[in-house]
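Trainee:
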Amino acid sequence: MREDEKIKLLSKNDLLEIFKYLNQRLKENQLQLEITVYGGSIMTMVYDDRPATKDVDCVFNNVNMSLFKNILDTVRFAFNLSDDWINEEIKEPLKYLIKEEKEIYKTYSNLKILKPKAEQLLAMKILAARAEPSKDFVDAFLLCKELGIKSKEDLMKIVFKYIPRGLIDERQITFIKYLGKDLGYDWQ
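Here my numbering is used: the first residue of the sequence shown is -3, the next is one more, and so on.
1) What is the rounded straight-line gap between the Cα of ARG167 and the Cα of CYS140?
2) Just mark ARG(-2) as buried or exposed, buried being the case when its beta carbon has 16 or more other beta carbons within 10 Å.
3) By how many angstroms is the C-alpha of LYS111 removed from the C-alpha of GLU84?
4) Between which residues of its own chain and TYR17 is the CB-CB distance below 7 Å, once the five residues before and five after are set aside?
5) Confirm, please, whether the CB-CB distance from PHE137 to ASP178 is below 7 Å.
6) Based on DSSP bridge pairs, tell me the residues matched to LEU29.
7) Once the 5 residues before and after GLU1 are set aside, which same chain residues still bring their CB inside 6 Å of it?
8) Say whether the region 27 to 38 touches the region 95 to 112, bearing in mind that this needs 3 or more beta-carbon pairs closer than 8 Å, one atom from each stretch.
9) Run through DSSP, which three-state label would LYS98 get?
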């Protein structure tokens, strides 16, 4: 079996069950947690066009990390998740954002899940502009539709609200041109 075939994909229902279980473990340990979820995880939970994700891209608030790590290990075991089911690599691109705008996605007794606003998520997808098998293009397309973006000017206004102009290079420009073409517009 290939390595990529071993990765368990997490559906919206899987993710919600995991967060419900995580909340119970937090409650048992008298911990409060605020987690901001990004990328494929939030696309899977919020938009039905993204059926599953392989991990949870997220950032945690300050919490007792040694106790929390034990809780995460319990969740991983209970749901038979891969060792890297929690992905905090999102912290790196977040350093480049001009600003961050979050909103509450779901609140449990001991767990609050935040998500970036759709505009910020779109800007982050444009910045990443990764090639397939990444879902950046599909996600950006979906977010443009969701936000009603019809012109390159509208898109760039959103991008530059969150991303410094100097970070947009040839890769992002090519990505934007193809995005416009797929949406039915000429964004040259």
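Heads up, the beta-carbon is just placed ideally off N, CA and C, and yes, glycines get one too.
Mentor: Per the coordinate set shown:
1) As a working note, residue 167 is residue 171 in the sequence shown. As a working note, residue 140 is residue 144 in the sequence shown. Looking at the two C-alpha atoms, the distance is approximately 18 Å.
2) Within the sequence shown, residue -2 is the residue found at index 2, counting from 1. Caution applies to ARG(-2), whose pLDDT of 41 falls short of 50 and renders its modelled position unreliable; the value that the coordinates give is listed next. Exposed is the call here.
3) Stepping through the sequence shown from its first residue, residue 84 is reached at position 88. Stepping through the sequence shown from its first residue, residue 111 is reached at position 115. Going from the Cα of GLU84 to the Cα of LYS111 covers about 14 Å.
4) Taking the sequence shown and counting its residues from 1, one reaches residue 17 at position 21. Hits under 7 Å: VAL71, ALA74.
5) For the purposes of this step, residue 178 is identified with residue 182 of the sequence shown, where counting begins at 1. For the purposes of this step, residue 137 is identified with residue 141 of the sequence shown, where counting begins at 1. In this structure, PHE137 lies closer than 7 Å to ASP178 by Cβ.
6) As a working mapping, residue 29 is identified with position 33 in the sequence shown. For LEU29, the pairing in a beta bridge is given by DSSP as LEU107.
7) The sequence position of residue 1 within the sequence shown is 5, counting from 1. Residue confidence for GLU1 is low, a pLDDT of 44 falling below 50, so the modelled location carries little weight and cannot support an answer.
8) When C-beta atoms of the region 27 to 38 are compared with those of the region 95 to 112, three or more pairs fall below 8 Å, so the two segments count as touching.
9) Translated into positions along the sequence shown, residue 98 becomes position 102. Three-state result, LYS98: strand.
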